[in-house]
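Below you'll find the structure, written out as structure tokens, and then a few comments.
Spelled out as structure tokens, the structure:
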């Protein structure tokens, strides 16, 4: 009979019985086929209730240590020996934590001004959205995105960007990366993808990892070049016409039409228009989207709330041409929506209530002011500094002509607590000569004072 | 000189000038190289301010219709002709909307009981989490997931599932599908993936679409069979040991050890343990996870809050063996986190505050009650009904032995407003004979009365 050295005559007696028997089996003291004492006799032997033994035995049966054979009793199951081979394999392979330099002023091109975030509006929106009466609030989100958000986007995109679509064409995603992955799955690995060079590098990595042939075409001062496209057919072309990332120019109408004409030559050609920060253009109205002048269903329009609300909300959207909807629906069956229903509903309400438009207008004003401060500060750096890409978005580019390399610009700034963003990592095949000594300066998150001080420090750091 | 037929002498004069000139260029009335009137003379001609003309000209320059040459004036740019080929291509290809049948009682295996959702706790959590003082609230989420959620999970998974890990091993995802995609990207297309058959079908579709060779191995009453595995090496094996989906059995300890031993034979072998609803086991304690008995870093543990909180929150997690962290970090660079910071923080606070444990305990009690109601109702159906997979989760399986086919079971139920879920779609290569006439009945979202009435109707529908 089993003798169990109880540690604790409390309510977890059954757990001790369970653990003891499990260990006896694992250690080989109780062997395959061996019969255990009946519940009644073990209970009496251990002076516990039959119920306690029953709970322990049931757990052991559930886990496969014991088998209960009706009218015969409990028997030890056959259990393989755990072969722990090569135990040394587990070492602390934990990635070493990167040292972080002390950065006091960060000219990040991706950051927003958190000081103007409409916290109170969001609190109101949460209150009205997080509502027991909404039967869909707790359900799995619609695979294309919640209908109220898609409807709000139909209107918003039409009025702000001239995008013409109906809600069935809209797919809500959790960021540009996610939407590009959907397109990759939709098209399959045989579709070549053409990227601008330089480019939003994650687009490059995503398509490369998904196995699509990736072709990069250098941009000139008007954006992606059209002539080299003519070597390809049945392709997807990823472009940022409103505000080339990272170089900041916008694509003039002539180039836009040529690009559409190229796409229009063949059924299989598509343009992915990533309109990631089109809300922020300061001296003119935002340029109309490519999608708005496409009459042949060649343009896939894409945007995000990362810049216009906050990067912490992972919500983006894409407008598919009708022609792609069927392929999308077939692909979509494979994958659940990654975007929380609650946040979709909150953003929908934020747009529908007019808060969004007000907020974007406010941000545009704030960023316009910061941009002026930055432009003025840069004037003090003298004639060895060339500024480009300044008409839109949250960043511009600064190129030096005093012999400093890009690397030196970066490290000298960092040594003084300033982070600037070299342009070379955005080039797929290394930096062409005429882009040398160029860095991005973002101003979204900085105060006027930080911008002013930062540029003052850069002046010294860069020997200007 | 241009004569512009103003419609509206309001503040949008510049827009009318802009539109008019744009149209003249598009129509070919203003030709490439043609010089426009100076701002001053056009302003005087139209009796508007020079500023108004300046705004219109600037917009046209920004869009690439005009070029401004310093000291010479404004000239029409060369603009390609838009070739609108095959305009008929755009038809209404909108997918036809599926008719929805009238379902009054839905035995969905995926639905939860929304009536016990802790709305008030979430309101409190939102209030404390959505806080101006949290500097990370608006930032792009950490690529692996917010640290507070990963820390909360380290404790939660250790105490509830025996999972041993540190926070660097945890990846927060937006659903099982998303985490499987990350694994696919991390391994690349050459890694074969072995699935249980039947299986959570999205797992099959994801790996298939990503190009991984997908092998399915039939399960027996203990889960995936080990013998057929021996034909493969350097593989990932996706299993649901706590509660096989969809058949509902749990894998006994002997099979678990054999599976680990197989995985342990080679460096490249991994087991993906999807522990999707392990919180809900009614007669015994939840079985310890595979990860908890793996000493060789072969198990990737995966879970979700879909069942334990709500499917609308798209939050899941996986624990990677140390050995995979480096490959993960290289892959992760390609892809931003799709999971909103706010919701990660809310779930972290929900766990840390103890609300989560309370809620799960409450749900377990509620589902246990529903399960008893369902089991009792099913007893009335007589001996032609076999019940399996009833020990865990939110669903069980019912098999009929009265000659009705699975299809008949489905359609006869639907004709009476009851939705049941045929098991055959979960089989990759068609339904094996011994699973015929089997459907899933989920009870998560139903009231006791609905369960009782629903089974009553099924009794008639199925001639029992």
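Protein chains in written order, with UniProt numbering: chain A, 1 to 464; chain B, 1 to 464. Beta carbons: idealized from backbone N, C-alpha and C, even for Gly.
Show which residues of chain B have a CB atom less than 9 Å away from the CB atom of residue i.
i                      : result
residue 339 of chain A : 174, 314, 338, 340
residue 250 of chain A : 62, 63, 64
residue 320 of chain A : The premise fails here: residue 320 of chain A is roughly 11 Å from chain B at the closest Cβ pair, so nothing lies under 9 Å.
State buried or exposed for residue i, treating a residue as buried only when at least 16 other CB atoms are found within 10 Å of its CB.
i                      : result
residue 14 of chain B  : buried
residue 348 of chain A : buried
residue 446 of chain A : buried
residue 96 of chain B  : Its pLDDT being 45, under 50, residue 96 of chain B is placed unreliably by the model, and the measurement read from it follows with that caveat. Answer is exposed; the Cβ neighbour count stays below 16.
residue 274 of chain B : buried
residue 365 of chain B : exposed
residue 146 of chain A : buried
residue 86 of chain B  : For residue 86 of chain B, the predicted structure reports a pLDDT of 46, less than 50, and the residue's modelled location is therefore unreliable. A value from the coordinates is still provided. Exposed, by the Cβ-count rule.
residue 58 of chain A  : buried
residue 350 of chain A : buried
residue 458 of chain A : buried
residue 150 of chain B : buried
residue 463 of chain A : exposed
residue 200 of chain A : buried
residue 158 of chain A : exposed
residue 395 of chain B : buried
residue 401 of chain B : exposed
residue 212 of chain B : buried
residue 166 of chain A : exposed
residue 16 of chain B  : buried
residue 81 of chain A  : exposed
Could you tell me which chain B residues have their CB closer than 7 Å to the CB of residue i, listed as they occur along the chain?
i                      : result
residue 80 of chain A  : 254, 257, 258, 261
residue 177 of chain A : 335, 336
residue 185 of chain A : 209
Counting only Cβ pairs nearer than 8 Å, list the residues of chain B close to residue i.
i                      : result
residue 119 of chain A : 130, 132
residue 126 of chain A : 126, 130
residue 122 of chain A : 130
Could you work out which residues of chain A lie near residue i, taking near to mean beta carbons separated by less than 9 Å?
i                      : result
residue 202 of chain B : 333, 334, 335, 336
residue 548 of chain B : Because chain B is modelled from 1 through 464, residue 548 of chain B falls outside the range shown and cannot be assessed.
residue 446 of chain B : Here the premise fails: no neighbours, minimum Cβ distance about 15 Å.
Could you name the residues of chain A that residue i contacts, counting a contact when the two beta carbons are closer than 8 Å?
i                      : result
residue 374 of chain B : By Cβ distance, chain A contributes nothing, its closest Cβ being about 20 Å from residue 374 of chain B, past 8 Å.
residue 466 of chain B : Summary: the structure shown does not reach residue 466 of chain B, with chain B confined to residues 1 through 464, and so no result is reported for it.
residue 205 of chain B : 333, 334, 335
What does residue i reach in chain D if we use C-beta pairs closer than 9 Å?
i                      : result
residue 114 of chain A : Any reference to chain D falls outside this structure, whose protein chains are A and B.
In chain A, which residues lie less than 7 Å from residue i when you measure between Cβ atoms?
i                      : result
residue 347 of chain B : Going along chain A, no residue has its Cβ under 7 Å from residue 347 of chain B, so there is no contact; the nearest lies around 10 Å.
residue 83 of chain B  : 261, 264
Using a beta-carbon distance cut-off of less than 7 Å, what residues from the segment 131 to 156 of chain B approach chain A?
-> If the cut-off is 7 Å between Cβ atoms, the segment 131 to 156 of chain B has 132, 137, 138, 139, 140, 141 near chain A.
Go through the segment 286 to 321 of chain A residue by residue and report every complete run of the beta strand (DSSP E) that reaches 3 residues or more, in order.
-> Fully enclosed beta strand (DSSP E) runs of 3 or longer: 299 to 304, 316 to 319.
Along the segment 49 to 70 of chain B, what residues have a CB closer than 7 Å to any CB found in chain A?
-> For the segment 49 to 70 of chain B, which is checked against every Cβ of chain A, the residues closer than 7 Å are 58, 59, 62, 63, 64, 65.
Of the residues that make up the segment 258 to 288 of chain B, which ones have a beta carbon closer than 7 Å to any beta carbon in chain A?
-> Only 258, 260, 261, 264, 283, 284, 285, 287 from the segment 258 to 288 of chain B bring a Cβ to less than 7 Å from some Cβ of chain A.
When you check each C-beta in the segment 219 to 236 of chain A against every C-beta of chain B, which residues fall closer than 8 Å?
-> Flagged, chain order: 222.
When you check each C-beta in the segment 362 to 386 of chain B against every C-beta of chain A, which residues fall closer than 7 Å?
-> Along the segment 362 to 386 of chain B, there is no position whose C-beta sits under 7 Å from a C-beta of chain A.
Do the segment 433 to 444 of chain B and the segment 360 to 379 of chain B touch if we need at least three Cβ pairs shorter than 8 Å?
-> Touching, yes.
Which residues, in order along the segment 189 to 201 of chain A, keep a beta-carbon less than 9 Å from a beta-carbon of chain B?
-> Cβ contacts with chain B come from 189, 201.
Would you list, in chain order, the members of the segment 22 to 47 of chain A that have their beta-carbon closer than 7 Å to a beta-carbon of chain B?
-> So the list is empty, because no residue satisfies the distance condition.
Are the segment 428 to 436 of chain A and the segment 381 to 388 of chain A touching, with three or more C-beta to C-beta distances below 8 Å?
-> Look at the beta carbons and you see the segment 428 to 436 of chain A not touching the segment 381 to 388 of chain A: under three pairs across the two are nearer than 8 Å.
Counting pairs of beta carbons, one from the segment 354 to 365 of chain A and one from the segment 102 to 120 of chain A, are three or more of them closer than 8 Å?
-> Per the Cβ contact rule, the segment 354 to 365 of chain A is in contact with the segment 102 to 120 of chain A (3 or more Cβ pairs under 8 Å).
Those runs of the alpha helix (DSSP H) which lie wholly inside the segment 347 to 392 of chain A and span at least 4 residues | DSSP runs (the alpha helix (DSSP H)) wholly in the segment 347 to 392 of chain A: 355 to 379.
May I have a chain-ordered list of the alpha helix (DSSP H) segments no shorter than 4 residues that lie completely inside the segment 237 to 266 of chain A?
-> Correct list: 253 to 263.
Looking at C-beta atoms only, is the number of pairs between the segment 24 to 38 of chain A and the segment 212 to 230 of chain B that lie closer than 8 Å three or more?
-> Flag = no, the segment 24 to 38 of chain A and the segment 212 to 230 of chain B do not touch.
Which runs of the beta strand (DSSP E) spanning at least 3 residues fall entirely within the segment 114 to 200 of chain B, listed in chain order?
-> With a minimum length of 3 residues, the continuous beta strand (DSSP E) runs that stay inside the segment 114 to 200 of chain B are 170 to 173, 193 to 197.
Please determine if the segment 243 to 261 of chain A and the segment 117 to 133 of chain A are in contact, where contact requires at least 3 C-beta pairs separated by less than 8 Å.
-> No, they do not touch.
Contact the segment 265 to 273 of chain A vs the segment 223 to 239 of chain A: 3+ CB pairs below 8 Å | The segment 265 to 273 of chain A, when compared against the segment 223 to 239 of chain A, does touch it at the 8 Å Cβ threshold.
Would you say the segment 169 to 176 of chain A touches the segment 329 to 339 of chain A, given that touching needs at least three Cβ pairs under 8 Å?
-> Segments in contact, yes.
At least three beta-carbon pairs within less than 8 Å, the segment 183 to 202 of chain A to the segment 412 to 422 of chain A | Because the criterion of three Cβ pairs below 8 Å is not met, the segment 183 to 202 of chain A and the segment 412 to 422 of chain A do not touch.
Could you pull out every unbroken beta strand (DSSP E) segment of at least 3 residues lying fully inside the UniProt domain "HTH gntR-type" (11 to 79) of chain B, listed in chain order?
-> Restricting attention to beta strand (DSSP E) runs no shorter than 3 residues, the UniProt domain "HTH gntR-type" (11 to 79) of chain B encloses them at 66 to 69, 73 to 76, ordered along the chain.
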